[in-house]
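Chains as they are written, first to last, in my numbering: chain A, -4 to 107; chain B, 132 to 249.
Take a look at the structure set out below.
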Amino acid sequence: AQSVTQLDSHVSVSEGTPVLLRCNYSSSYSPSLFWYVQHPNKGLQLLLKYTSAATLVKGINGFEAEFKKSETSFHLTKPSAHMSDAAEYFCVVGRGYQKVTFGTGTKLQVIP
Amino acid sequence: GAVVSQHPSRVICKSGTSVKIECRSLDFQATTMFWYRQFPKQSLMLMATSNEGSKATYEQGVEKDKFLINHASLTLSTLTVTSAHPEDSSFYICSARDGGSGANQPQHFGDGTRLSIL
C-alpha cells in the first residue's frame, strides 16, 4: 500500500524568496517519488524524480528535492521563486510498473 | 524528452454526443497509458489503465460502457465518452509510461482535454 500527503494546500511566497512545498509518503516498499507541476488548463510536467539513487535530486527550473527515509519526506525546494513558478504542484509516489498515487496538490502563489 | 500529445484540447458539444479523445506518445513506445479525470481544484483521479493489445483495467466506480478505451498500438490510446451528459463535463488527462526504459519510470502527461457538455 502507498499514500502521499501534501501538507499545505496553498503556499504563498514573495518573488525572490525561497520555496518549500512539503510532501510525506507512506509505502510498504522502497518507493519511487516524483514532483509534477501543472499550470492552468494544462497537463502535468515532470519536475524531478527519485528512484533509489542519490537522495538529493535536482530537477528542472531550479527545483530540487531531498528524499529522507527516516522522515518519510520528499519536500520540494527552490532557492528563489519566480513569477512563472506560480502553479499547482503534485507529489506522486509509485513503484515499478504499478499505478501511482497522487497527492492532493499544493497551489503556489508568488507575490511580486 | 518524452512527449505525449493529446487531442483535442477542448470540446464543446450537445448532450447525447459521443466524444473521442486521442493520446499519442510521440517519441517512445508506451505499453501502458493511463486516463485521468480532474475536477476543479482537485487532484487527478485515475479512471483506467490502458494496456496495448488487451482490455483496459477500470477503477472502481468507472463505467466501462460509458468510457470506452482502445489501445491498438504502442503509441496510441483513445478514450471515447459515449452519450455524454453534462455531468461528464470535466478535464480529462492521459499519460504514458515509456515501456522500454525499465521499471520506476515516470509517467509523461498530455496537455489535457476540457470537455464541456451542454
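Don't be surprised by glycine CBs; every beta carbon is placed ideally from N, CA and C.
In the three-state DSSP reduction, N201(B) falls in the strand class (E or B). In the three-state reduction of the DSSP assignment, S214(B) falls in the coil class. When Cβ pairs closer than 8 angstroms are counted between the two stretches, the segment 133 to 145 of chain B is seen not to touch the segment 198 to 209 of chain B, the count staying below three.
Considering only beta carbons, the part of the segment 35 to 46 of chain A lying closer than 8 angstroms to chain B consists of N36, K37, G38, L39, Q40, L41, K44, T46, in chain order. For A82(A), the enclosing beta strand (DSSP E) stretches over residues 82 to 89. With 16 or more other CB atoms across the displayed protein chains lying within 10 angstroms of its CB, N235(B) is buried. Any Cβ of chain B closer than 8 angstroms to the Cβ of S27(A) would place that residue at the interface, and such an atom is present.
With contacts defined as CB atoms closer than 8 angstroms, P26(A) and G89(A) qualify as a contacting pair. Across the structure, S221(B) and G243(B) are spaced so that their CA atoms are roughly 10 angstroms apart.
The alpha-carbon separation between S136(B) and L103(A) amounts to approximately 26 angstroms.
In the DSSP assignment, M78(A) falls outside any beta strand (DSSP E) and carries neither an H nor an E.
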